[in-house]
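Here the working numbering is used: the first residue of the first sequence is 258, the next is one more, and so on.
Structure, as structure tokens:
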Amino acid sequence: MSNKVIVDFSSPNIAKEMHVGHLRSTIIGDSISRIFELRGYEVLRLNHVGDWGTQFGMLITQLKDLYSNDLEEIGNIKISDLVEFYKESKKRFDNESEFQKRSREEVVKLQSGDIKSIKAWKLLCDQSRKEFDEIYKNLKIKIEERGESFYNPFLKSVIDDLNLKKILVEDQGAKCVFLDGMNNKEGKPLPLIIQKKDGGFNYATTDLAAIRYRFNKPPNGDDASRIIYVTDHGQANHFAGVFQVAKKAKWIPENRQIDHVPFGLVQGIDGKKLKTREGETIRLKDLLNEAVRRAKEDLLKRLKDEDRYETKEFIANTSRIIGLGAVKYADLSQNRITNYQFSFDKMLSLNGNTAPYLLYTLVRILGIKRKNDFVYDSKDFQYVNYEHKSEWKLIRKLLKFDEVIISIEKDLMPNRLCNYLFELCQTFNRFYDQVPILKEEKNIKISRLNLCDLTAKTLKLSLELLGIETLERM
RNA sequence: GGGGCUGUAGCUCAGCAGGAUAGAGCAACGGUUUCCUAAACCGUAGGUCGUGGGUUCGACUCCCGCCAGUCCCGCCA
Numbered sequence: 258m259s260n261k262v263i264v265d266f267s268s269p270n271i272a273k274e275m276h277v278g279h280l281r282s283t284i285i286g287d288s289i290s291r292i293f294e295l296r297g298y299e300v301l302r303l304n305h306v307g308d309w310g311t312q313f314g315m316l317i318t319q320l321k322d323l324y325s326n327d328l329e330e331i332g333n334i335k336i337s338d339l340v341e342f343y344k345e346s347k348k349r350f351d352n353e354s355e356f357q358k359r360s361r362e363e364v365v366k367l368q369s370g371d372i373k374s375i376k377a378w379k380l381l382c383d384q385s386r387k388e389f390d391e392i393y394k395n396l397k398i399k400i401e402e403r404g405e406s407f408y409n410p411f412l413k414s415v416i417d418d419l420n421l422k423k424i425l426v427e428d429q430g431a432k433c434v435f436l437d438g439m440n441n442k443e444g445k446p447l448p449l450i451i452q453k454k455d456g457g458f459n460y461a462t463t464d465l466a467a468i469r470y471r472f473n474k475p476p477n478g479d480d481a482s483r484i485i486y487v488t489d490h491g492q493a494n495h496f497a498g499v500f501q502v503a504k505k506a507k508w509i510p511e512n513r514q515i516d517h518v519p520f521g522l523v524q525g526i527d528g529k530k531l532k533t534r535e536g537e538t539i540r541l542k543d544l545l546n547e548a549v550r551r552a553k554e555d556l557l558k559r560l561k562d563e564d565r566y567e568t569k570e571f572i573a574n575t576s577r578i579i580g581l582g583a584v585k586y587a588d589l590s591q592n593r594i595t596n597y598q599f600s601f602d603k604m605l606s607l608n609g610n611t612a613p614y615l616l617y618t619l620v621r622i623l624g625i626k627r628k629n630d631f632v633y634d635s636k637d638f639q640y641v642n643y644e645h646k647s648e649w650k651l652i653r654k655l656l657k658f659d660e661v662i663i664s665i666e667k668d669l670m671p672n673r674l675c676n677y678l679f680e681l682c683q684t685f686n687r688f689y690d691q692v693p694i695l696k697e698e699k700n701i702k703i704s705r706l707n708l709c710d711l712t713a714k715t716l717k718l719s720l721e722l723l724g725i726e727t728l729e730r731m
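Here is the structure:
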């Protein structure tokens, strides 16, 4: 059997901007992927972007109305305009019945492969992709785009197969599967709609086609042994329904696993959904830039206080790593199930369970390494002494790493690694505080340098697994 | 009405497969710098783990009821 794990994460929508909700999916998905890669799995990171569906009808119709039929000018539109563009289209769709009618026709055209419609669709996707890629590059996220449109050729056979297996029921004009153990408001069994009454498909259809494809053997499949979906917990019901139907249809082979990894909302310090003062959704790009700006401000203040001089490059790089690391760590260190309060002040704080604290600990260790004159790979570096209480505690903490990784592989909770890291840093900082290193006699010094080295390696590896870059100095 | 998730110190949260006096951080108060980056370390104070039952030698942890908050529930994703 294959050892391929598919992690489905990030998944923004075309013509919409990425926001903090996508950030959670992106960061958690990336970290889970990294941990599975470390454990020797073949990991396929998939970006299930919303690049198909009814919204494209209105977008393309709007596009044709505004830019005539040659569609050349759209190449100059920027994403923030595209978001405006989306809003305007939506407004017209909601208010103009004639526009709505043309939009619906446009969806059919697109889905049947009309050349002009496809061209317009591609233009829209390319615009969005540029913007998404910039964020992924900034965050150092590797992900493969395979949007909803990819599964378009397989949608019809989903319906056919469900029909064949006599699972599909027609109700109020729509084709659906009734779910066990779930009721609607009237107390009747809840349907999962697979085909709308107008004949169109929806996200349940796409998700089912995706499950089939991902478990199938090549050429028309990925032969995955496990699929992991990282989305907000608002979609829990949807996935429970989709998984149930996939099981009924026997599309999930024996010994394969499928998991929804839900996460809570990102809230402001007021406990409500994170918004700008004007009540608008905060753009992910702005949020990341703000974190880096604040990190830079802190750094500059410290350099001034300590009368230090650093190059422009050092300042830019250090603030970027601290700022982005702080955002990632704040998110990952929470139990993903619960909502969490987003606070720049807390995540960038130099104390407590934050990225700057962890990065600083590593910097301290590397400082020792720079000032010592031993060669690390010499034969002398075998000896470890653990007479002092803080040495013993550090050794015990270092040995726990494997156990933590195994538990995350099982339960998909990256916050446990954060917890471990924080404890490791606390333990190290006590050791650092309580025992001298460089001025000790040879054997003791070697032993303690060894412990420092092991701690640094563990810290680096752990931070890497969280997708956080490290620094030599800060 | 049905279902999901949450409810642990003033605040933000850990507590994984049940095991000893329930742990951190922040905030508050006090202390430590001839020494490797003090962005550190040490100490004090602070909790009937929402509530009522049950299972168990033993429950924050498992099961059931209730209360509160939040999210989802037919053609958006």
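Virtual Cβ for every residue (Gly too), placed ideally from N, Cα, C.
query                                                                                                           : result
Whole alpha helix (DSSP H) elements within the region 456-519, 4-residue minimum                                : 460-472 and 493-505
Reference Asp437; option with closest CA among Arg483, Leu421 and Phe500                                        : Phe500
Cβ distance (whole Å) where Thr715 is taken to contact Leu655 below 8 Å                                         : 6 Å
Secondary structure of Thr568, DSSP reduced to three states                                                     : coil
Of the listed residues Pro519, Ser482 and Arg469, nearest to Val502 (C-alpha basis)                             : Arg469
Assigned secondary structure, Lys261 (DSSP; H/G/I helix, E/B strand, else coil)                                 : strand
Outcome for Tyr640 when other beta-carbon atoms lying within 10 angstroms are tallied against a minimum of 16   : exposed
Residue span of the alpha helix (DSSP H) that contains Leu544, given as start and end                           : Leu541 to Asp562
Contact under 9 Å by Cβ, Thr283 with Val364                                                                     : no
CB of Asn672 within 9 Å of CB of Ser590, strictly                                                               : yes
C-beta atoms of Ile701 and Asn642 nearer than 9 Å                                                               : yes
Contact check, Asp287 vs Ile400, beta carbons under 9 Å                                                         : yes
Nearest neighbour of Val692, chosen from Leu651, Glu554, Arg593 and Asp308 [CA to CA]                           : Leu651
Presumed contact (8 Å Cβ cut-off) between Ile285 and Arg593, rounded CB distance                                : 6 Å
One or two residues paired with Leu450 in a DSSP bridge                                                         : A small fix is needed here, since residue 450 is Ile in this sequence, not Leu. The partner list for Ile450 (beta bridge, DSSP) reads Cys433.
9 Å Cβ cutoff met for Leu323 and Ala272                                                                         : no
For Ser268 and Ile485, the rounded distance between their alpha carbons                                         : 13 Å
Cα-Cα separation, Gly314 to Cys382                                                                              : 14 Å
Neighbour-count burial assignment, Pro410, 16 or more Cβ in a 10 Å radius                                       : exposed
Beta-carbon spacing of His279, Leu541 below 9 Å                                                                 : yes
Sequence-distant residues of the same chain with beta carbon closer than 7 Å to Arg281, five excluded per side  : Phe520, Val523 and Asp588
Other residues of its chain near Ala467: CB distance less than 6 Å, five sequence neighbours each side excluded : Tyr408
Span separating the alpha-carbon of Glu648 from that of Asp710                                                  : 13 Å
C-beta contact flag for Lys626 and Leu708 at 9 Å                                                                : no
Nearest-angstrom Cβ-Cβ length linking Ala431 and Lys453, presumed shorter than 8 Å                              : 6 Å
Stretch pair the region 532-546 + the region 556-566: three plus CB contacts closer than 8 Å                    : no
Cβ-Cβ distance between Asn260 and Asp308 below 9 Å                                                              : no
Endpoints, alpha helix (DSSP H) assigned at Glu648                                                              : Lys646 to Leu656
Any alpha helix (DSSP H) of 4 or more consecutive residues that is wholly inside the region 299-363             : 312-323 and 336-352
In DSSP terms, what Val426 is bridged to                                                                        : Cys433
Residues near Cys682 by beta carbon distance below 7 Å, same chain, minus five either side                      : Tyr614, Leu615 and Thr618
Short Cβ contact (9 Å threshold) for Val487 with Ile289                                                         : yes
Environment of Lys585 [buried if 16+ CB atoms lie within 10 Å]                                                  : buried
Member of Phe688, Ile662 and Leu720 whose CA lies at the smallest distance from the CA of Gly297                : Ile662
Given Asn494 as reference, the closest of Lys507, Leu669, His517 and Gly478 once Cα atoms are compared          : His517
Ile392: first and last residue of the uninterrupted alpha helix (DSSP H) it sits in                             : Ile372 to Leu396
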